[in-house]
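Participant: Questions regarding the structure given below will be posed in turn.
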Amino acid sequence: MLARLTVLSKTVLRYKQQIVENHFKKICKFFNKNIDCLYAFNLDNYHSIHEIHRPNNTFLSSTKHFATCTTKKVDFLIPILANYNNITLFNLVNIDANNLCKYLKQIYSLLFDRKYKEERSMKDLQLVDFKELELHSFENYADALKMIINVPLLNNYLNQNVILIITNWPGQLFIRKIITYLKIQQSVTNISQV
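In terms of my numbering, the sequence shown is residues 21 to 214.
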């Protein structure tokens with residue numbers, strides 16, 4: 021005898037919302053527990069491979085584009101300070117490569133001795149968030165960075181530290197443009213902005 025099960029859409033929506041809330045609490049707990057660590061973030065796009073191959077009304081395709089944000093704690097390394105001995109890693113021209121290389125070599129040189137296979141492992145990888153979003157423009161990347169900024173502990177972390185974001189080529193360019201734009205706005209208005 022087969023039992024029939026009926027589920028209301030409200031029940032499904034409530035269950036989805038509960039999953040989102042639990043995930044956000046889990047991420048906040050992870051960053052709270054590991055606040056004195058260096059993090060490497062990966063911001064990437066994902067394309068759904070499931071699509072309709074025949075026209076359905078006016079839509080020819082149902083491919084979905086998502087932005088994903090993952091992070092991994094870099095063990096045994098402290099955060100990179102945005103301002104070290106009153107020397108900032110950031111300048112309004114753009115990222116100062118000489119300062120960045122100098123301080124990375126001085127403070128984080130042990131990282132280069134580690135096996136990269138360990139670093140590429142999916143072990144301890146955390147999904148911060150994902151959202152339906154294409155990553156093709158300045159505005160898209162600004163919206164995608166909100167996945168990091170919207171975690172309250174990370175927002176505070178960014179006031180003092182630098183985070184490493186691994187992304188593809190246009191992403192690197194757009195993120196640098198966003199940081200430069202916000203720093204110029206902050207210096208012009210003298211108001212702290214996110």
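Backbone N, C-alpha and C define an ideal beta-carbon position, used for all residues, glycine too. The structure displayed is predicted, hence computed values, not measured ones.
On the three-state DSSP scale, how would you describe residue 39?
Facilitator: In the sequence shown, counting from the first residue as 1, residue 39 sits at position 19. Residue 39: helix per DSSP, three-state reduction.
Participant: Please classify residue 167 as buried or exposed, where buried requires at least 16 neighbouring CB atoms within 10 angstroms.
Facilitator: The count along the sequence shown starts at 1 and reaches residue 167 at position 147. Buried.
Participant: Quick check: the Cα distance between residue 118 and residue 40, rounded to an integer number of angstroms?
Facilitator: Position 98 of the sequence shown, counting from 1, holds the residue named residue 118. Position 20 of the sequence shown, counting from 1, holds the residue named residue 40. Approximately 41 Å, taken between the alpha carbons.
Participant: Going by the beta-carbon positions, is the gap between residue 147 and residue 187 smaller than 8 Å?
Facilitator: Position 127 of the sequence shown, counted from the start, is the residue given in the question as residue 147. Position 167 of the sequence shown, counted from the start, is the residue given in the question as residue 187. No, these two residues do not count as a Cβ contact at 8 Å.
Participant: Strictly by DSSP, which residues pair up with residue 101?
Facilitator: Looking up residue 101 in the sequence shown gives position 81. Residue 101 pairs with 181.
Participant: Going by beta-carbon coordinates alone, are residue 56 and residue 98 separated by less than 8 Å?
Facilitator: For the purposes of this step, residue 56 is identified with residue 36 of the sequence shown, where counting begins at 1. For the purposes of this step, residue 98 is identified with residue 78 of the sequence shown, where counting begins at 1. In this structure, residue 98 lies closer than 8 Å to residue 56 by Cβ.
Participant: I need the straight-line Cα distance from residue 172 to residue 48, nearest angstrom please.
Facilitator: The residue you call residue 172 lines up with position 152 of the sequence shown. The residue you call residue 48 lines up with position 28 of the sequence shown. Straight-line Cα distance between these residues: approximately 8 Å.
Participant: What does DSSP give as the partner residues of residue 85 in its beta bridges?
Facilitator: Your numbering for residue 85 matches position 65 in the sequence shown. According to DSSP, which records beta bridges pairwise, residue 85 is partnered with 67.
Participant: Per DSSP, what are the beta-bridge partners of residue 61 in this structure?
Facilitator: Position 41 of the sequence shown, counted from the start, is the residue given in the question as residue 61. The partner list for residue 61 (beta bridge, DSSP) reads 91, 185.
Participant: Which of the three DSSP states is assigned to residue 11 in this structure?
Facilitator: Missing from the structure shown is residue 11; the chain here goes from 21 to 214 and no further.
Participant: Within a Cβ cutoff of 7 Å, which residues of the same chain sit near residue 163, ignoring the five residues on either side of it in sequence?
Facilitator: Residue numbering aside, residue 163 sits at position 143 when the sequence shown is read from its first letter. Excluding sequence neighbours, residue 163 sits near 153.
Participant: If residue 87 and residue 151 are in contact, beta carbons under 8 Å, what's the gap, nearest whole angstrom?
Facilitator: As a working note, residue 87 is residue 67 in the sequence shown. As a working note, residue 151 is residue 131 in the sequence shown. Yes, they are in contact, since the Cβ atoms of residue 87 and residue 151 sit about 6 Å apart, within 8 Å.
Participant: Kindly indicate which residue of 144, 192, 53 has the alpha-carbon position closest to the one of residue 165.
Facilitator: If you number the sequence shown from 1, residue 165 lands on position 145. Residue 165 has its Cα closest to that of 192, out of 144, 192, 53.
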